[in-house]
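**Q** Take a look at the following structure, please.
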Amino acid sequence: ILGQAQSVADLFSGLGTFTFPLARRARVVAFDGEGSAIGALAAAAGGRAVEARVRDLFRRPLAADELARFDGVLMDPPRAGARAQAEQLARSPVPTVAMVSCNPATFARDARILVDGGYSLEWVQPVDQFLWSAEVELVASFRRG
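See below:
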């Protein structure tokens, strides 16, 4: 989903659901506001190319200039979405963004911010992973240009 990205920011990483698979082929810096989750991720990283950082991405999103060192970003925010972080991504030069969302409304809002900032929505895929529930996950790929 992030193509050939070699330096990836995993935003709202939690325990590393996406961090570790991404680290098989890229250097990953994982960011999450929950210190215990980042601590567990760091402990599980072993010798992998993973760096784990505590950061409240709602109050202190990675700024566009901080994002410039990454050639791919994966963002998996909670239900509230990631308006502030999407605004910074929209100002950044990052070529590829993958977004996972559990809320179609906040996904639409954050996706609009990215598109208005110059990204193209390449594809979006709903994932019905919760049997007997109305909940749905969305996975999407955005490219700059």
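Just so you know, we're using this note's numbering here: the sequence shown kicks off at 347 and counts up by one.
Just so it is clear, CB atoms sit at the ideal spot from N, CA and C, and this is done for glycine as well.
Since we're looking at a predicted model, the values are computed, not measured.
(1) Entirely within the segment 379-449 and at least 4 residues each: give me those alpha helix (DSSP H) ranges in chain order.
(2) Which residue wins for smallest C-alpha separation from residue 436, given the options 448, 464, 476, 485?
(3) When you compare only the Cα positions, how much space is there between residue 488 and residue 470?
(4) According to DSSP, is residue 482 part of a helix, a strand, or is it coil?
(5) May I ask which residues mark the beginning and end of the beta strand (DSSP E) holding residue 467?
(6) Closest to residue 404 by CA distance: which of 371, 427, 359, 484 is it?
(7) Would you call the segment 452-459 in contact with the segment 361-378, where contact means no fewer than 3 C-beta pairs closer than 8 Å?
(8) In whole angstroms, give me the CA-to-CA distance for residue 361 and residue 402.
**A** Let me spell this out:
(1) Taking 4 residues as the minimum length, the alpha helix (DSSP H) runs contained wholly in the segment 379-449 are 381-391, 410-413, 429-437, in order along the chain.
(2) Checking every option, the nearest Cα to that of residue 436 belongs to 464.
(3) Straight-line measurement puts the Cα of residue 470 at about 9 Å from the Cα of residue 488.
(4) Three-state DSSP puts residue 482 in coil, outside helix and strand.
(5) Taken as a continuous stretch (DSSP letters only), the beta strand (DSSP E) holding residue 467 covers 465-473.
(6) For residue 404, the nearest C-alpha among the options comes from 427.
(7) Because the criterion of three Cβ pairs below 8 Å is not met, the segment 452-459 and the segment 361-378 do not touch.
(8) C-alpha separation (whole angstroms): 15 Å.
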